[in-house]
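In terms of the working numbering, the sequence shown opens at residue 2 and continues consecutively. In what follows, a single structure is set out as structure tokens and then discussed.
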Amino acid sequence: MKESFTYPAKGLWENTVFPATDAENWFSSGSAAYHTLLRRMPSDPARALTFQRDALADLNARYAFFAQREPETAPLATSTDYSRYSAYQHPRIKGTFALHQLRLWLGNETFAKALKAVHEAHAGKAATTEAILATASAAADRDVGPLVKPWLERTGLPDPKLEAAVAPKHNAFEVSLTVRQTGTPWPFVAQVALETPKGRRFERIEVTGAETTARFTLPERPTALHFNAGADVPVASVVPVTLPNLLDAWEDLLFVRGTGRFQESHHSLALRFQEAVADAFTDVVLPLKADGAVIEADLAHHDLVLLGRPEENAVVARLAAQGALPVAFVPGGFQVNGVTHAREDEGVAFAVPSPWNPKRMVHVYAANSPLQLWRMTKALQRGLPAWAVWRGDRITTRGHHPVPGFTVKLP
């Protein structure tokens with residue numbers, strides 16, 4: 002899988018291919034997005050892995066977010082519609098993944114040859130999907146249609162289910178992984194990360210049917226298996242919220258300030274954050290309520306922006322009591338992925354699905370001091386994933402929510 006973490010600059014394509022109809026927006030938009038991703042990929046493979054994984058995970062979550070709230074149509078059946086985001090986002094995102102999957106199937110050299118051929122043959126012209134795929138197939142010396150068309154002709158995303166086991170084999174250990182798909186199976190390539198006492202080992206799996214089994218041999222016993230470790234394939238079971246979605250659901254946002262402690266400072270912080278979010282988007286200041294004034298209808302019918310820790314904000318306390326948080330709040334601090342953050346200049350922000358309405362989301366901004374909460378909310382930070390940890394003005398760690406069922410412990 003090492004080749005998927007690198008891409009030579011000489012492999013990037015030039016020129017613009019115009020869409021013959023709205024059905025070709027997947028290529029004009031997706032190829033531009035994927036060109037940007039490859040162009041920005043770090044040269045160091047380890048950094049490139051993280052960069053590419055995070056970019057693809059963000060696209061997956063973004064696709065799921067809009068699919069949950071707006072009508073979903075297949076890219077080839079989508080028409081321009083300025084009344085909804087998904088008419089633009091879904092073809093762009095699926096087009097990006099279609100090209101990424103094609104690169105994984107073909108390899109960098111053949112993929113570059115195919116994309117360059119398309120952009121040279123149709124430079125400055127309008128091209129149909131059939132013409133694009135025919136040109137790419139000729140350059141790749143392989144019919145790329147079966148690899149690309151599922152992403153263009155179908156709604157929805159793959160929803161693979163896993164079964165994994167490990168057993169001794171001679172002087173080593175063999176891991177067997179079975180991937181099952183119901184309905185019409187999707188063809189895709191994914192990464193499998195195997196945890197061992199010496200670190201992670203990455204393997205490749207090609208899934209082509211309703212059931213695919215792969216076996217990997219390791220010298221030491223693995224402790225866990227992580228499927229789709231590079232987020233190479235978008236999946237239906239992804240947690241469909243990230244921090245940037247705050248601006249995607251603008252009209253339904255409700256800000257909620259805490260009154261449990263530091264009432265005056267939290268009130269001032271909430272008013273300032275309202276203005277910061279408005280300045281970042283429409284200049285319209287959205288409603289703000291104190292936690293004690295929030296009623297059940299507010300929880301069910303709004304996307305929420307909650308400011309404060311559980312002891313400061315009663316709505317955050319309700320979330321924590323329901324076990325709906327990816328963060329554990331402890332006296333004087335909080336824990337993320339088992340790491341305790343107890344400094345006064347540390348804070349955390351995260352977005353999760355609302356437990357009061359699965360089609361809504363909750364954003365929480367909490368810190369170990371009012372001053373740190375001010376640092377985090379004095380401006381709207383863009384480009385974040387699902388959660389982020391601050392120290393002062395600097396973000397120290399960030400990440401996406403794990404996909405349910407994609408990590409298997411290997412006893």
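We put the beta carbon where it would ideally sit given N, CA and C, even for glycine. It should be emphasised that the depicted structure is a prediction, and the values quoted were computed from it without experimental measurement.
Expressed to the nearest angstrom, what Euclidean distance is found between the alpha-carbon atoms of residue i and residue j?
{"i": "S269", "j": "R361", "result": "26 Å"}
{"i": "G261", "j": "L308", "result": "11 Å"}
{"i": "I296", "j": "R319", "result": "13 Å"}
{"i": "F217", "j": "P412", "result": "16 Å"}
{"i": "D59", "j": "H267", "result": "31 Å"}
{"i": "L116", "j": "W14", "result": "6 Å"}
{"i": "T7", "j": "N229", "result": "18 Å"}
{"i": "T111", "j": "F28", "result": "18 Å"}
{"i": "E73", "j": "S80", "result": "11 Å"}
{"i": "E204", "j": "M2", "result": "6 Å"}
{"i": "T136", "j": "F19", "result": "15 Å"}
{"i": "L244", "j": "I396", "result": "14 Å"}
{"i": "E164", "j": "H402", "result": "21 Å"}
{"i": "P151", "j": "G184", "result": "13 Å"}
{"i": "A415", "j": "E313", "result": "This structure leaves residue 415 out entirely; the chain is present only between 2 and 412."}
{"i": "P169", "j": "L195", "result": "15 Å"}
{"i": "D394", "j": "W357", "result": "32 Å"}
{"i": "V286", "j": "A321", "result": "28 Å"}
{"i": "M255", "j": "I94", "result": "Going by the sequence as given, residue 255 is Leu instead of Met. L255 and I94: Cα-Cα distance of roughly 28 Å."}
{"i": "Q69", "j": "A173", "result": "45 Å"}
{"i": "E345", "j": "G400", "result": "22 Å"}
{"i": "I133", "j": "K126", "result": "11 Å"}
{"i": "G339", "j": "D23", "result": "47 Å"}
Is DSSP giving residue i helix, strand or coil here?
{"i": "Y366", "result": "strand"}
{"i": "L289", "result": "strand"}
{"i": "L13", "result": "coil"}
{"i": "D304", "result": "strand"}
{"i": "N229", "result": "coil"}
{"i": "F6", "result": "helix"}
{"i": "I396", "result": "strand"}
{"i": "S355", "result": "strand"}
{"i": "Q323", "result": "coil"}
{"i": "P169", "result": "strand"}
{"i": "G31", "result": "helix"}
{"i": "L77", "result": "helix"}
{"i": "K95", "result": "helix"}
{"i": "T37", "result": "helix"}
{"i": "R143", "result": "coil"}
{"i": "W187", "result": "coil"}
{"i": "H342", "result": "strand"}
{"i": "V404", "result": "coil"}
{"i": "A21", "result": "coil"}
Residue i: which of the options sits nearest, CA to CA?
{"i": "M377", "options": "A10, E121 and R273", "result": "R273"}
{"i": "L219", "options": "A191, V317, V167 and F351", "result": "V167"}
{"i": "S177", "options": "E154, T213, P151 and W152", "result": "T213"}
{"i": "A380", "options": "D280, L153, A137 and T51", "result": "D280"}
{"i": "A33", "options": "V317, G184 and A99", "result": "A99"}
{"i": "V145", "options": "P311, P159 and T130", "result": "T130"}
{"i": "R40", "options": "A68, S87 and A113", "result": "A113"}
{"i": "S138", "options": "N358, A367 and A122", "result": "A122"}
{"i": "T398", "options": "R202, R310, T341 and S370", "result": "T341"}
{"i": "L413", "options": "P359, W391 and A173", "result": "With the chain running from 2 to 412 in the structure shown, residue 413 is simply not present."}
{"i": "H227", "options": "L254, V193, T197 and P198", "result": "V193"}
{"i": "E353", "options": "F263, D249 and V365", "result": "Reading off the sequence shown, one finds Val at residue 353, where the question assumed Glu. For V353, the nearest C-alpha among the options comes from V365."}
{"i": "F263", "options": "A368, R201, V234 and L248", "result": "A368"}
{"i": "L148", "options": "E207, H302, G12 and A291", "result": "E207"}
{"i": "S238", "options": "D160, W251, G259 and H171", "result": "D160"}
{"i": "A424", "options": "Q382, H302 and G293", "result": "Because the chain in this structure spans residues 2 to 412, residue 424 falls outside the shown range and cannot be described."}
With residue i as the anchor, note down where its beta strand (DSSP E) starts and where it stops.
{"i": "I206", "result": "G200 to V208"}
{"i": "V240", "result": "Note, V240: premise wrong, no beta strand (DSSP E); not H, not E."}
{"i": "F330", "result": "A329 to V331"}
{"i": "S177", "result": "A173 to R181"}
{"i": "R258", "result": "L254 to R258"}
{"i": "G216", "result": "In the sequence on display, residue 216 carries Arg and not Gly. E212 to L219 is the extent of the beta strand (DSSP E) around R216."}
{"i": "T408", "result": "T408 to K410"}
Do residue i and residue j have their CB atoms nearer than 7 Å?
{"i": "K162", "j": "R143", "result": "no"}
{"i": "A140", "j": "A124", "result": "no"}
{"i": "P241", "j": "F66", "result": "yes"}
{"i": "S5", "j": "L105", "result": "yes"}
{"i": "L57", "j": "A232", "result": "yes"}
{"i": "G334", "j": "A343", "result": "yes"}
{"i": "T209", "j": "P188", "result": "yes"}
{"i": "N61", "j": "P235", "result": "yes"}
{"i": "A271", "j": "L247", "result": "no"}
{"i": "L305", "j": "V363", "result": "yes"}
{"i": "A389", "j": "A350", "result": "yes"}
The alpha helix (DSSP H) that contains residue i, what's its start and end?
{"i": "T111", "result": "N109 to A122"}
{"i": "F274", "result": "Q264 to A281"}
{"i": "E154", "result": "G146 to E154"}
{"i": "R54", "result": "P46 to R70"}
{"i": "Q373", "result": "P371 to T378"}
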